[in-house]
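*Asks:* For the sequence shown, the numbering used here gives the first residue as 96, with consecutive numbering after it.
All C-beta atoms, glycine included, are put in the ideal place defined by N, C-alpha and C.
The structure displayed is predicted, hence computed values, not measured ones.
My questions will all concern the structure given below.
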Amino acid sequence: MESTLKRTWAEIDLDALEHNYRTLRRRIGPHVKFLGVVKADAYGHGAVQVSGVLQELGADYLAVSSVDEAMELRNHGTTMPILILGHTPLEQVGKLIDHKITQAVTCLAKAEEYSREALRCGGELTIHIKVDTGMSRLGFLCEGEHFESGVTGICTACGLPGLRAEGIFTHFAVSDEEDEESVRYTKAQFSLFSRVVEAVETVRGQRFAIRHCANTGAVACYQEMYLDMVRPGLLLYGYGAFAQRLGLRPVMTLKTTVSTIKVYDPGTTVSYGRLYTAPATMVMGVVPCGYADGFMRSLSNRCTLMTEYGPAPQRGRICMDMCMIDLTDLPEVQVGDEVEIFGKNNPVETLAEQAGTIPYELVCAVSKRVMRVYFRHGREVERELLLRV
Ligand SMILES: *Cc1c(COP(=O)(O)O)cnc(C)c1O
Numbered sequence: 096m097e098s099t100l101k102r103t104w105a106e107i108d109l110d111a112l113e114h115n116y117r118t119l120r121r122r123i124g125p126h127v128k129f130l131g132v133v134k135a136d137a138y139g140h141g142a143v144q145v146s147g148v149l150q151e152l153g154a155d156y157l158a159v160s161s162v163d164e165a166m167e168l169r170n171h172g173t174t175m176p177i178l179i180l181g182h183t184p185l186e187q188v189g190k191l192i193d194h195k196i197t198q199a200v201t202c203l204a205k206a207e208e209y210s211r212e213a214l215r216c217g218g219e220l221t222i223h224i225k226v227d228t229g230m231s232r233l234g235f236l237c238e239g240e241h242f243e244s245g246v247t248g249i250c251t252a253c254g255l256p257g258l259r260a261e262g263i264f265t266h267f268a269v270s271d272e273e274d275e276e277s278v279r280y281t282k283a284q285f286s287l288f289s290r291v292v293e294a295v296e297t298v299r300g301q302r303f304a305i306r307h308c309a310n311t312g313a314v315a316c317y318q319e320m321y322l323d324m325v326r327p328g329l330l331l332y333g334y335g336a337f338a339q340r341l342g343l344r345p346v347m348t349l350k351t352t353v354s355t356i357k358v359y360d361p362g363t364t365v366s367y368g369r370l371y372t373a374p375a376t377m378v379m380g381v382v383p384c385g386y387a388d389g390f391m392r393s394l395s396n397r398c399t400l401m402t403e404y405g406p407a408p409q410r411g412r413i414c415m416d417m418c419m420i421d422l423t424d425l426p427e428v429q430v431g432d433e434v435e436i437f438g439k440n441n442p443v444e445t446l447a448e449q450a451g452t453i454p455y456e457l458v459c460a461v462s463k464r465v466m467r468v469y470f471r472h473g474r475e476v477e478r479e480l481l482l483r484v
């Protein structure tokens, strides 16, 4: 690798992505559609590159959070269906229609707005109805006494001119937790969703083409909930306990290099806040990766990075642009050597736990100044830096 790369970079293993897709595809079988969730720049992995691979491998659908994320894909060769899971402002409906982008519809008021705007544009907007079965975020409220009004609202929305109701979906709150109460809750959500779908289909005398609800937890734990399409995100990228159980591989490895090595006397205090004091003479490496690169400050003084020769404890506060690692027991490490922040040899799950968060947040946090280096068929195929250099 040339010297410009020798700061901090993320290696994106598209072969691992392919392996994960194929493994999940085998699991769901040929008759269930596969929607790849590529919101938030494909969880930090690069939405254009990830979508390119998924399209090539025959995935059926993609999902993003916003019209801008959808347009990024449309402008870079993605022709497959795209579902926007989040809010799209009214003024953008024409764009959705022009670019064949599917929109989630979360309440009757939105459906009515979208319908009027679609008619004004003279086109038809494809929609998926979102049902709130207990996530209590977006969607037609259908729990308990809201069942009838929810079903009626959905039927009205589906019948509005200018809208084509292709799909209906719901989202689980605890499908990735395996305790009894969570299993009970997930099954109750699924049961309610099934009843809502059935009621709406009966009233309308028409079936939805695509009913879906299975996120990562449900793909891993509830085969009976696959319906017409599954909707995994995290599994595709190979993180978390379920990914490990299913033999999936982590797609991203975040790497940095040793920029400086120094020797400190006993009693020397290290970095902002003087969190760490050298107990003896010690060798400390400075690595150019800090919280502005996505290496969270909450990990300060409590995590371990991986060198070629073994683990190096991180010492003192993580700064904006760099942090310090303890090389006292690793005399082989030299200036210029690679250090893994997380990835194949230093599981992101461990770091996430130490940071009191989840792997999702760590991979999404990798910032735009970290170059993404893409590997396919065992070779480097692309480098992308998201800075406007
Ligand atoms: C983000 C998201 C997913 C994917 O979630 P994972 O836990 O990464 O599988 C699926 N569905 C919806 C509605 C989402 O917002």
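1. Per DSSP, what kind of secondary structure is R464 in: helix, strand or coil?
2. Would you check if the distance between the CB atom of M379 and the CB atom of N441 is smaller than 7 Å?
3. Label T99 either buried or exposed according to how many other C-beta atoms from any shown protein chain fall within 10 Å of its C-beta, with 16 as the threshold for buried.
4. Specify, as a first and last residue, the run of the beta strand (DSSP E) that Q318 falls within.
5. Is any non-hydrogen atom of ligand 1 found closer than 6 Å to the C-beta of R478, if you look at the structure I gave you?
6. For K134 and V148, what's the separation of their Cα atoms in angstroms?
7. Can you give, in chain order, each stretch of the beta strand (DSSP E) that sits fully within the stretch 101 to 184 and has at least 3 residues?
8. Quick one: is A111 buried, meaning 16 or more other Cβ sit within 10 Å of its Cβ, or exposed?
9. Of all residues in the structure, which have a C-beta closer than 5 Å to any heavy atom of ligand 1, taken in chain order?
10. Flag this pair as yes or no: are the beta carbons of R290 and A309 separated by less than 7 Å?
11. With distances taken between CB atoms, is the gap from L255 to A204 smaller than 7 Å?
12. Measuring only from the beta carbon, is Q318 closer than 6 Å to any heavy atom that is part of ligand 3?
13. With DSSP as the reference, identify every bridge partner of P406, one or two as the case may be.
14. Helix, strand or coil for H241? Go by DSSP, reduced to three states.
15. Please report the distance separating the alpha-carbon of L152 from that of D432.
16. I305 lies in the beta strand (DSSP E); which residues open and close that run?
17. Determine the burial state of A375: buried for a count of at least 16 other Cβ atoms within 10 Å of its Cβ, exposed for fewer.
18. Within its chain, find whatever has a CB closer than 6 Å to the CB of M96; leave out the 5 residues flanking it on each side and keep chain order.
19. According to DSSP, simplified to helix, strand and coil, what is V200?
20. Determine, using beta carbons only, whether G234 and R467 come nearer to each other than 7 Å.
21. The beta strand (DSSP E) with G262 in it runs from where to where?
22. Mind checking D136: buried by the 16 CB within 10 Å criterion, or exposed?
23. Which partner residues of I420 appear in the DSSP bridge assignment?
24. In the DSSP assignment, the beta strand (DSSP E) including I436 goes from what residue to what residue?
25. Determine the extent of the beta strand (DSSP E) in which D193 is found, giving its start and end residues.
26. Expressed to the nearest angstrom, what Euclidean distance is found between the alpha-carbon atoms of Y332 and G362?
27. Would L322 be called buried (16 or more neighbouring beta carbons within 10 Å of its own) or exposed?
*Replies:* Let me lay it out:
1. coil
2. no
3. Because the pLDDT at T99 is just 49, under 50, the model does not fix this residue reliably, and the value given afterwards should be weighed accordingly. Here T99 is exposed. Its C-beta has fewer than 16 other C-beta atoms within 10 Å.
4. Neither: Q318 is in no beta strand (DSSP E) and is coded neither H nor E.
5. no
6. 15 Å
7. 103 to 108, 128 to 132, 156 to 159, 177 to 179
8. A111 is buried by the Cβ-count criterion.
9. V132, L180, H266, N310, T311, R326, P327, G328, L329
10. no
11. no
12. Only ligand 1 can be found as ligands here, which leaves ligand 3 out of the picture.
13. Partner(s): M401.
14. Three-state result, H241: helix.
15. 36 Å
16. 305 to 309
17. exposed
18. With a pLDDT of only 43 at M96, under 50, the local geometry of the prediction cannot be trusted, and the value read off the model is given with reservation. Nothing listed; no residue qualifies.
19. strand
20. no
21. 258 to 265
22. Buried, since its Cβ has 16 or more Cβ neighbours within 10 Å.
23. G380, Q409
24. 433 to 437
25. Unbroken run through D193 is the alpha helix (DSSP H), 188 to 193; no beta strand (DSSP E).
26. 43 Å
27. buried
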